[in-house]
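Q: Each residue of the sequence shown is one higher than the one before, counting from -11 in my numbering.
Just so it is clear, CB atoms sit at the ideal spot from N, CA and C, and this is done for glycine as well.
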Amino acid sequence: MLVFTLAPIHAATAQESERGVYLLKPDAIFDGATTVLHRGWAVLVRGNRIEAVGATVSPPADARIIDLPGTTLMPGMIEGHSHLFLHPYNETPWDQQVLHEAIALRTVRATVAARRTLMAGFTTVRDLGTEGAGYADAGLKQAIEQDIVPGPRMLIASRALVATGSYGPRGFEPGVATPLGAEQADGPDLVTAVRRQIAAGADVVKLYADYRWSTGEPSRPTYLQSEMAAAVEAAHSAGRKVAAHAHTAEGMRRAILAGVDTIEHGGEGNAEIFALMKARGTGLCPTLSASEAIARYQGWNGGDPAPAGVAESRRAFAAAMKAGVAICLGGDVGVFAHGDNAREAEAMVAAGMSPAQVAIAATSGNAAMLGMADRIGAVKPGMLADLIAVEGNPLASVGALRKVRFVMKDGAIYERSAH
């Protein structure tokens, strides 16, 4: 019998086992879709797929039995908003990362970020832009798929698309070309840029519906609704979803009516906007932990009263939940440390969502929002074998999501200690 120790899996190396036939025996199973904890169930994995689930699953002769006492087995979590090519802004400001860090350096750092993300129990990420690192995310994705480096399954956006003059870095002589964190494109050229991202490997297209036109200004809409509608049509016709960065109510409104699939941030959303999102089936990725992290970098100690940006994000989150908007779990990781992804789950609970709702958002909810519900996000036969075991009950305590004791992605087991 193969027995796994329950030591924390945050060591510097991540070893991958060969794929085979495994019978996983935890104390309980959270299936990703319901709030029922299934006790006494086991999961049979063959190759990279779940073959059987239930209380009466028997191990075939060629199965390796893995006991996971004290744990709940659940789907691998899904990070809905990540930037693997960024690292915390209190280490290096965003401008400095974009302008002064070599792409080779950023790529090597991104491999470490990918490993830490996987070891934290997030087996899939939607990575929404390399922020000046070009198309390096396509290479990282390939390296993970080829088992060159360990990391989560990646959905990539490569270069986000911004209206000319609306993005950074800023502060240089006008007319002097400087590296930007995204690609500028407008009007008919925006459709061409969408197709260019897709041709380079983008799984999802990211648009900036609003931003600051000048340093110190508040965010204002950038793209016209008609521009975004054409971009969305081009992306959807190619089978890609569209995420829109939008803080302002007007930027959100234009993006929603243009047909985007998710709104990222949405801090100035109001009841009218969230009702429109609900009616149109647009999801919200509130990134609560990013605004909290930035506030902490600026001296906030986490207490009350919360800074204006944090309070605004929490208010919008509560209004979106009240309207019944589908909520994505995604922290804008990269603003804060990779591997600390569960920080967003904790922020969502603190802002009023139950641990069970958060656990569903992190699994089947995000899978549906990303168009992957037929492959990941649930523990049932036929699904990809992306499975983690956590200590405790994630439906009762969000803290369980930090206590990851076992990680399997695509049928391969990572960071194991066997005897």
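For a test of the three-state rule: what should DSSP assign to Leu116, helix, strand or coil?
A: coil
Q: Is the CB-CB distance between Gly169 and Gly120 below 7 Å?
A: yes
Q: Going by the CB atoms, is the gap between Gly399 and Pro63 shorter than 7 Å?
A: no
Q: Name the one or two DSSP bridge partners that Tyr10 has.
A: Val33 and Arg52
Q: Taking the alpha-carbon positions, what's the Ala349 to Ile315 distance?
A: 7 Å
Q: Which one of Met142, Ala259, Pro343 and His224 has the shortest CA to CA distance from Thr22?
A: Among Met142, Ala259, Pro343 and His224, the Cα nearest to that of Thr22 belongs to Pro343.
Q: Whose CA, out of Leu74, Ala384, Asp83 and Glu256, lies closest to the CA of Val100?
A: Leu74
Q: Here's the rule: buried if 16 or more other CB atoms are within 10 angstroms of the residue's CB, otherwise exposed. What is Lys194?
A: buried
Q: Whole angstroms is fine: what's the gap from Met371's alpha carbon to Leu32's?
A: Their backbone Cα atoms lie some 11 Å apart in a straight line.
Q: Rounding to the nearest angstrom, what Cα-Cα distance links Ala(-5) and Arg104 in this structure?
A: With a pLDDT of 39 at Ala(-5), under the threshold of 50, the modelled position of this residue cannot be trusted, and the question is left open.
Q: Would Val323 pass as a contact of Ala278 if the rule is Cβ separation under 7 Å?
A: yes
Q: In or out: Ser352 buried (at least 16 other Cβ within 10 Å) or exposed?
A: buried
Q: Whose C-beta lies closer than 6 Å to the C-beta of Ser70 among residues of the same chain, with five residues either side of it excluded?
A: Val113, Asp115 and Val321
Q: With three or more beta-carbon pairs closer than 8 Å as the criterion, would you say the segment 37 to 56 touches the segment 85 to 98?
A: no
Q: Measure the C-alpha to C-alpha separation of Ile251 and Met240 and round it to an integer number of angstroms.
A: Rounded to whole angstroms, Ile251 to Met240 spans 7 Å at the Cα level.
Q: From Glu300 to Gly254, what distance separates their C-alpha atoms?
A: 9 Å
Q: Helix, strand or coil, according to DSSP, for Thr23 in the structure here?
A: coil
Q: Gly247 to Ala388, Cα distance in whole Å?
A: 36 Å
Q: Could you tell me the alpha carbon to alpha carbon distance between Ser405 and Pro57, rounded to whole angstroms?
A: Here the model assigns Ser405 a pLDDT of 41, short of 50, so the residue's position is not dependable, and the following value carries that caveat. Ser405 and Pro57: Cα-Cα distance of roughly 15 Å.
Q: What's the C-alpha gap between Thr166 and Tyr10?
A: The alpha-carbon atoms of Thr166 and Tyr10 are separated by roughly 52 Å.
Q: What are the complete beta strand (DSSP E) segments, minimum 3 residues, inside the segment 88 to 159?
A: The segment 88 to 159 contains these whole beta strand (DSSP E) runs: 110 to 115 and 141 to 144.
Q: Count the other CB atoms, across all protein chains shown, that sit within 10 Å of the CB of Glu256; report buried if there are 16 or more and exposed otherwise.
A: Burial call: buried.
Q: Could you give the DSSP three-state label for Lys194: helix, strand or coil?
A: strand
Q: Short check: CB of Ser207 to CB of His235, under 7 Å?
A: yes
Q: Nearest CA to the CA of Lys13: which residue from Ala347, Thr60 and Gly290?
A: Measuring C-alpha to C-alpha distances from Lys13 to each of Ala347, Thr60 and Gly290 identifies Thr60 as the nearest.
Q: Are at least three pairs of beta-carbons, each pair with one atom in the segment 147 to 159 and one in the segment 195 to 202, less than 8 Å apart?
A: yes
Q: So, at 6 Å on beta carbons, what are the nonlocal neighbours of Trp29 in its own chain, with the 5 sequence-adjacent residues on each side left out?
A: Ile17, Gly42 and Ala43
Q: By the three-class DSSP mapping on this structure, what secondary structure does Thr210 have?
A: If DSSP states are grouped into helix, strand and coil, Thr210 belongs with coil.
Q: Sort out for me which residues DSSP pairs Ile401 with in a bridge.
A: Looking at the DSSP assignment, Ile401 forms a beta bridge with Met396.
Q: Excluding the five sequence neighbours on either side, which residues of its own chain have a C-beta within less than 7 Å of the C-beta of Asn78, listed in chain order?
A: The residues are Tyr285.
Q: Considering only C-alpha positions, which residue in the set Ile261, Trp288 and Leu375 is nearest to Ala308?
A: Ile261
Q: Going by beta carbon distance, what residues of the same chain come within less than 6 Å of Asp125, once the five residues before and after it are set aside?
A: Contacts found: Asp115, Thr118, Ile144 and Ser146.
Q: When you compare only the Cα positions, how much space is there between Arg27 and Ala347?
A: 17 Å
Q: Would you tell me roughly how many angstroms separate the C-alpha atoms of Ala131 and Ala237, rounded to the nearest one?
A: 39 Å
Q: Using the Cβ count rule (16 or more neighbours within 10 Å means buried), how would you classify Gly330?
A: A small correction: the amino acid at residue 330 is Ala; Gly does not occupy that position in the sequence shown. With 16 or more neighbouring CB atoms inside 10 Å of its own CB, Ala330 falls in the buried class.
Q: Count the other CB atoms, across all protein chains shown, that sit within 10 Å of the CB of Ala296; report buried if there are 16 or more and exposed otherwise.
A: Answer is exposed; the Cβ neighbour count stays below 16.
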